[in-house]
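S.K.: Sequences listed follow chains L and Z, in order. Numbering of the first sequence is given in our numbering, commencing with residue 218 and proceeding in unit increments. Numbering of the second sequence is given in our numbering, commencing with residue 218 and proceeding in unit increments. Quick one: the structure is below, questions incoming.
2 protein chains.
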Amino acid sequence: MTVEQQYLLLPGPTPVPASVLRAMNKPMINHRGPEFRELMAEVTDGVKKIYQTKNDLVIFPAAGTGAMEAAIVNFISPGDKVLAISIGVFGDRFAKIAAEFGADVQKLDFPWGQQADPDVVSNVISRDKEKRIKAVLVTHNETSTGVVNDIKAISESIGDHPAIIIVDAVSGLGAMELPTDEWGLDVVVSGSQKAFMLPPGLSFMSVSPRALETSKNCKNHKYYWDLESALKYLQKGQTPYTPALSLFFGLQEALRLLLEEGLDNVIKRHRYCRDLVRAGIKAMGLTPMADDAIASCSLTSVLAPEGIGANTIRRMLWERFEVVVAGGQQRLDDVIFRIGHLGFVRPLDLLASLAALEIVLYENGFPIKIGEGITKVQELFIKKEEA
Amino acid sequence: MTVEQQYLLLPGPTPVPASVLRAMNKPMINHRGPEFRELMAEVTDGVKKIYQTKNDLVIFPAAGTGAMEAAIVNFISPGDKVLAISIGVFGDRFAKIAAEFGADVQKLDFPWGQQADPDVVSNVISRDKEKRIKAVLVTHNETSTGVVNDIKAISESIGDHPAIIIVDAVSGLGAMELPTDEWGLDVVVSGSQKAFMLPPGLSFMSVSPRALETSKNCKNHKYYWDLESALKYLQKGQTPYTPALSLFFGLQEALRLLLEEGLDNVIKRHRYCRDLVRAGIKAMGLTPMADDAIASCSLTSVLAPEGIGANTIRRMLWERFEVVVAGGQQRLDDVIFRIGHLGFVRPLDLLASLAALEIVLYENGFPIKIGEGITKVQELFIKKEEA
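Below, the structure written as structure tokens:
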């Protein structure tokens, strides 16, 4: 029987709750009418709560990468110097977008699998005596490696240098702490198909007053991503062009679920799922790519064992168990596989998927005792209750 | 977060595949029009394939109990003698319905947890020299205990006695072998919310030519359940009164899935799920109510261990893990719990739910080693592949 229900453990798209799917299944409404005006106000307010911000926030009908582009073309003019911190594929992508739109990109690379070092950032910033750096680009959660950056420390490392900080929090927001205002983050972008428990297709961008000032003098060409236009329409409860209505209906319901749970609990849930996965992985004798201290709560990258390709493991998980995990990107292809544990993922589904992984490893001749890893995961369920 | 997605392990309602839910979500059509005529022909033909019958088959917008009533009022007249075999709650129910409609019910009870003995049935039948018994009522799968009757042997035990055999296969059809024509079953009733993977609300009744003859002289009052009327309308591709259209849409898709899988594979899948559950239960040191040889492929009844009420186990499974299992009925309340494994239940969900059960038992002080039961289940996954 060909079925659609999978154990979808990707770092996005993530499973979507039934009530969100149902909410999306509503008839169209006039996106220039009063119902949409109310909906727009409600969801904008709700997303701001997840962002923990009082800044302006706009919603684009686009993938997260769209909001990343918006975060460049609205704040960086051709020739502007930009410090692009990268710890993996998505850090590289942010730097590439900036370069494409004429920025003078100074790339600051750290080894894949590690965090960006705030002291190094601080050093670079303090050596920019002429204040030529206009913006610092940084990834919150690096989805290619499963490492979370210390955004608070990086924000602090900029000190009183006038550069704005632009954070790609597409896969991290909602899964881990990121209080926009408290940490002084000027521009933060995120996407719907991650902790927001929605299908892909919406992305968000928050803008601090100081970033808004910067945008007014920005000379890059833009139409679809034009912040000024988006904010003008937002005042009327509209969008400059047709919004993705179904996703707005879904966002309303997803926000209802998330705010009912409470942001603290949402973040705790993600941490718990991460801990389950890491406990299981380690007990099986596998090695996560990221150390405990810097491990993402959105996903876990796992090094495939000697002699068994990561893609073989992925294929068997999929064919035999309908468990879907992501592969490694670029130079990590077939070297790692990535288990997403964000959004609407249930702890017991993670346990089941780890049991499947154990079976697949066993059948590939990996020296493993069936049940050992999964028992450790079960124990964590017990400990959680006792705590 | 309050969510709707559960590990629904009931002996019905069972989980419904996404494509079936979607199919049900269609706009209404005219139930006296050409589209419904086609739909009606298609689904009637499809259900017959699952029944393995060329007999007439009617569909009622009703629960399975409705079709049980239809199987009485169309074939049994007040005063008719009926042999009602019972091995549990649903055998009792069938006898009660017959008595309510004036039948002279001879009850043949077997201990709960055991099968009906075909030799005993044969004895009773052979002693009825005057051929007063008009019908034998029997349950295919006894949902209250998790025992499957040997319907083939019981059918044979009637021999050339003229009594018709009426089978309640509500929870068994599709999950276990029941070739209607090959086994000479005159009337077989079933329901949508079991192996058919649909929400509750439709039930089916097949009628052999000889049962059809009987129905023509039946003197019971009936309107909603009137077979003659249903068959007359079926000829026109209609129903005597308004059909449950959404469920018909769903039935069309569910049948497409089942027939694509193939009945043999559907039955194998159910047997595999049963074996997984029984392996896990036994490895945890728990006792299934039914012996291996008579164990249902639809559900497994499990005796709660000394000192831990079955309902405590159920409550904890639900509150902590959203795992839903059924309780014991009547005198079995708090004594057993029942794990459904029929319909659209995924093997890996069964593994996850058994892991949850293990944790719950552990936390209730049951002498158990965490991981032991679940490891046995994992091993069965491996063995399956090697076989």
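Note that CB positions come from ideal geometry on N, CA and C, so glycine has one too. Predicted model, so just to flag it, every value in this text is computed and none were measured.
#1: Should D566 (chain Z) be flagged as near chain L, meaning a C-beta pair shorter than 9 Å?
#2: Whose C-beta lies closer than 6 Å to the C-beta of A333 (chain L) among residues of the same chain, with five residues either side of it excluded?
#3: What three-state label does DSSP hand P328 (chain Z) in the structure shown?
#4: Using a beta-carbon distance below 9 Å, is Q469 (chain L) in contact with chain Z?
#5: Is it the case that the Cβ atoms of L419 (chain L) and F277 (chain L) are separated by a distance below 9 Å?
#6: What number of angstroms, rounded off, separates the C-alpha of K433 (chain Z) from the C-alpha of K439 (chain Z)?
#7: Looking only at C-alpha atoms, which of L:M245, L:G263, L:Q223 and L:S423 sits nearest to I289 (chain L)?
#8: Does the distance from the CB of I382 (chain Z) to the CB of I371 (chain Z) come in under 9 Å?
#9: Along the chain, which unbroken stretches of the beta strand (DSSP E) at least 3 residues long are found entirely within the region 342 to 411 of chain Z?
#10: Within 9 Å (strictly less), CB to CB, does V519 (chain Z) reach chain L?
#11: Would T587 (chain Z) pass as an interface residue toward chain L - the criterion being a Cβ-Cβ separation below 9 Å?
#12: Compare the C-beta of E221 (chain L) with all C-beta atoms of chain Z and state if any pair is closer than 9 Å.
#13: Please report the residue range of the alpha helix (DSSP H) in which T261 (chain L) lies.
#14: Find out if the Cβ-Cβ distance for the pair A500 (chain L), L565 (chain Z) is shorter than 9 Å.
#15: Using CA coordinates, which residue listed in Z:F466, Z:A512 and Z:R555 is at the minimum distance from I530 (chain Z)?
#16: Report the rounded CA-to-CA distance for G401 (chain Z) versus D385 (chain Z), giving the unit in angstroms.
#17: Where do the ends of the alpha helix (DSSP H) carrying G281 (chain L) lie?
#18: Could you name the residues of chain L that Q547 (chain Z) contacts, counting a contact when the two beta carbons are closer than 8 Å?
#19: I think L354 (chain Z) touches F311 (chain Z), with their Cβ atoms under 8 Å apart; what is that distance to the nearest whole Å?
#20: Check the Cβ of Q595 (chain Z) against every Cβ in chain L and list those closer than 8 Å, keeping chain order.
#21: Please classify M506 (chain Z): is it buried, with 16 or more other beta-carbons within 10 angstroms of its beta-carbon, or exposed?
#22: In angstroms, rounded to a whole number, what distance separates the CA positions of V483 (chain L) and I511 (chain L)?
#23: What residue range is occupied by the uninterrupted alpha helix (DSSP H) comprising F277 (chain Z)?
#24: Under the assumption that G308 (chain L) contacts T360 (chain L) (Cβ atoms under 8 Å), give the Cβ distance between them as a whole number of angstroms.
#25: Find the residues of chain L that neighbour F421 (chain Z), judging by a C-beta separation of less than 7 Å, and give them in chain order.
#26: Thinking just about the alpha-carbon of each residue, which of Z:V541, Z:G479 and Z:C490 is nearest to the one in V264 (chain Z)?
#27: 9 Å is my cut-off, CB to CB: does A496 (chain Z) come that close to chain L?
#28: Check whether the Cβ atoms of P228 (chain L) and S515 (chain L) sit closer than 9 Å, and answer yes or no.
#29: On the criterion of 16 or more Cβ atoms from any shown chain inside 10 Å, does K593 (chain L) qualify as buried, or is it exposed?
#30: Kindly say whether F538 (chain L), judged by its beta-carbon, lies nearer than 9 Å to any beta-carbon of chain Z.
#31: Within a Cβ cutoff of 6 Å, which residues of the same chain sit near D297 (chain Z), ignoring the five residues on either side of it in sequence?
#32: Indicate the three-state DSSP secondary structure (helix, strand or coil) for I556 (chain Z) in the structure shown.
#33: Per DSSP, what kind of secondary structure is L611 (chain Z) in: helix, strand or coil?
#34: Below 8 Å on the Cβ atoms is my guess for G557 (chain L) versus L238 (chain L); work out the distance and round it to an integer in Å.
#35: Quick check on DSSP: helix, strand or coil for S205 (chain Z)?
#36: Please go through the same chain and pick out, in chain order, the residues whose beta-carbon is closer than 6 Å to the beta-carbon of P460 (chain Z), but skip the five residues on each side of it.
M.R.: Short version:
#1: With 9 Å as the cut-off, D566 (chain Z) counts as an interface residue toward chain L.
#2: I302, I304, F327 and N366
#3: coil
#4: no
#5: yes
#6: Roughly 13 Å between the two C-alpha positions.
#7: L:S423
#8: yes
#9: 350 to 356, 381 to 385 and 404 to 408
#10: So no, V519 (chain Z) is outside the interface.
#11: Residue identity differs from the one stated: residue 587 (chain Z) is Ile in this sequence, not Thr. It does: the Cβ of I587 (chain Z) has a partner Cβ on chain L nearer than 9 Å.
#12: Interface residue, yes.
#13: P251 to Y268
#14: no
#15: I530 (chain Z) has its Cα closest to that of Z:R555, out of Z:F466, Z:A512 and Z:R555.
#16: 14 Å
#17: G281 to V290
#18: In chain order: nothing, as chain L lies at least about 31 Å away.
#19: Their Cβ separation, rounded to whole angstroms, is 5 Å, which keeps L354 (chain Z) and F311 (chain Z) in contact under 8 Å.
#20: What Q595 (chain Z) touches in chain L: A572, E575, I576, I587, G588 and I591.
#21: buried
#22: 19 Å
#23: From DSSP, F277 (chain Z) is part of no alpha helix (DSSP H) but of the beta strand (DSSP E) over D273 to F277.
#24: 10 Å between Cβ atoms; not a contact.
#25: Near F421 (chain Z) there are no residues of chain L at all, since even the closest Cβ is about 20 Å away, more than 7 Å.
#26: Considering only alpha carbons, the answer is Z:G479.
#27: So no, A496 (chain Z) is outside the interface.
#28: yes
#29: buried
#30: yes
#31: A320 and K351
#32: I556 (chain Z) sits in a strand when the DSSP states are folded into three classes.
#33: One cannot answer for residue 611 (chain Z) here, as it falls past the ends of chain Z, which runs 218 to 604.
#34: With 8 Å as the limit, G557 (chain L) and L238 (chain L) do not qualify as a contact, their Cβ atoms being about 19 Å apart.
#35: Since the first and last residues shown for chain Z are 218 and 604, residue 205 (chain Z) lies out of range.
#36: H248 and P278
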